[in-house]
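In the working numbering, the protein residues as written are 36 to 366.
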Amino acid sequence: MLNGKTILITGGTGSFGHAFTEFVLKHYQPEKIIIYSRDEFKQFHMANKFREYSDRLRFFIGDVRDRKRLYRALDSADYVVHAAALKQVPACEYNPMEAVKTNINGAMNIVDAALDCGVKRVVALSTDKAVNPINLYGGTKLVSDKLFIAANAYSGRKDVCFSIVRYGNVAGSRGSVIPFFQELAAKGERRLPITDYRMTRFWISLDEGVKLVIKALSEAKGGETFISKIPSFKITDLAQAILPGCEMPEVGIREGEKLHEVMVTREDSLMTYEYEKHFIVYPHFDWWDAGRIQEGGKRVEPGFEYNSGNNDEWLSAEQMKELLKDVKNHG
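What follows is the structure, encoded as structure tokens:
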């Protein structure tokens, strides 16, 4: 499906961009992968990492805020994976206009450039924080999701579709709880602070996140939100997996933080279908054709909610000990 195609990744020097690029180069024969990002130093290191594939890699210095630069970069692209965003919750709270410029205005620029440049498929990375958002980052990503879904209504006769993949923090991602606990344990601490003893999270690896994007690129017909079925874990069990027998003082939940990660809301349940290994939330608009619903799925019950606290699959501390052996800290 990706053979002979040109794929552009915004924010391509991040952990997702590295993993996606590696996966595609190993499993497909793309004509070209374009890494679109702002940091020349990260691009330099990425180019060295994938030196053997230099004939199929291109590096564009650019910002999703820069509409003209995006048009130039997308001129030959078949597919776009939109991973660029300002993601750090405190930074977005303190710099709200910058978050809006990147996460919302940048999304609008991607939509316009994709529509005008002949792009065939666009997949945008979303987050659990966009579901019933309680912080600015989540709010901007909710708007971004709406923009990409609505873009399908403006495609007219153009052969282009826009879809979304949604997942929470990748295991080992920068700023998440795993590297935080690991750093404390490495310093010899015997106490790992727990914000709330009831807190749960989903466990998704970077590889699983990449495969979900590949699925969306392969199967989307326009407007879908793809969500993987993945296991949950308790934060207290994670602490014991990283530092067995540690003390776990409860320090209180932080502003903008939720007890559980929510992927599918009760409101979305009316248009959510369950498949063997994932859910799809379909659009609920007059312009959307219900004939696009994929076969093999079952409509969930009204009022259904998929969150890390009501999941059917759970990881124990012992299981996480094994999984942590393969977790790298992602920048």
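Here a beta-carbon is modelled for each residue, glycine too, at the ideal position from N, C-alpha and C.
Treat the numbers as computed from the prediction; the structure is a model and nothing was measured.
For residue i, the residue or residues it bridges with in DSSP
i      : result
Phe261 : Val200 and Ile315
Ala159 : His117 and Ile199
Val297 : Asn342
Phe268 : Arg236
Arg334 : Tyr308
Tyr71  : Thr45 and Phe95
Trp349 : Ser267
Glu282 : Arg226
Beta-carbon proximity check, residue i vs residue j, cutoff 8 Å
i      : j      : result
Trp349 : Phe237 : no
Pro279 : Ile184 : no
Ser179 : Ala142 : yes
Ala274 : Lys356 : no
Ala112 : Ile213 : no
Leu294 : Arg233 : yes
Val166 : Tyr114 : no
Gly49  : Ala118 : yes
Ile315 : Ile270 : no
Asp242 : Ala126 : no
Leu92  : Ala82  : yes
Ile169 : Val157 : no
Thr45  : Tyr71  : yes
Glu330 : Arg301 : no
Leu100 : Thr56  : The question names Leu, but residue 100 is Arg in the sequence shown. No, the pair does not count as a contact, with Cβ atoms beyond the cut-off.
Tyr189 : Leu160 : no
Gln78  : Phe58  : no
Gly291 : Val124 : yes
Gly332 : Tyr310 : yes
Ala148 : Leu182 : no
Arg334 : Tyr308 : yes
Alpha carbon of residue i to alpha carbon of residue j, nearest angstrom
i      : j      : result
Lys139 : Gly244 : First, the amino acid is wrong: residue 139 is Ile here, not Lys. Approximately 22 Å, taken between the alpha carbons.
Asp74  : Gly47  : 10 Å
Leu37  : Lys250 : 11 Å
Arg86  : Val116 : 22 Å
Phe261 : Glu336 : 18 Å
Val299 : Thr162 : 11 Å
Lys312 : Ile265 : 8 Å
Asn342 : Asp90  : 43 Å
Ser351 : Ser263 : 20 Å
Gly173 : Lys122 : 9 Å
Cys281 : Glu224 : 9 Å
Glu128 : Phe216 : 24 Å
Gly52  : Val248 : 11 Å
Val286 : Phe76  : 38 Å
Asp272 : Asp98  : 40 Å
Arg327 : Leu359 : 39 Å
Ala206 : Ala325 : 35 Å
Gly344 : Gly39  : 42 Å
Ala221 : Ile68  : 38 Å
His80  : Asp321 : 47 Å
Val297 : Ser240 : 17 Å
Arg209 : Val362 : 12 Å
Leu252 : Pro284 : 44 Å
Glu218 : Lys103 : 42 Å
Arg192 : Asp347 : 42 Å
Glu254 : Arg201 : 15 Å
Lys84  : Leu305 : 45 Å
Cys152 : Asp110 : 5 Å
Lys256 : Glu66  : 23 Å
Met132 : Asp303 : 29 Å
Glu353 : Thr175 : 37 Å
Ala120 : Ser211 : 16 Å
Short CB-CB distance (under 8 Å) between residue i and chain D
i      : result
Lys250 : Looking for chain D here will not work: only one protein chain is present.
Within the region 171 to 228, ranges of the alpha helix (DSSP H) (whole runs, at least 4 residues)
Every alpha helix (DSSP H) stretch that sits fully inside the region 171 to 228 and reaches 4 residues is listed by chain position as 171 to 185 and 212 to 221.
Ordered list of alpha helix (DSSP H) runs contained in the region 92 to 117, each at least 4 residues
The qualifying runs are 102 to 108.
If you scan the region 43 to 68 from start to end, which runs of the alpha helix (DSSP H) of 4 or more residues do you find wholly inside it?
For the region 43 to 68, whole alpha helix (DSSP H) runs of length 4 or above, ordered along the chain, are 50 to 62.
Count Cβ pairs between the region 189 to 198 and the region 218 to 229 that sit closer than 8 Å; are there 3 or more?
As far as the Cβ criterion goes, the region 189 to 198 does not touch the region 218 to 229, which means the pair count is below three.
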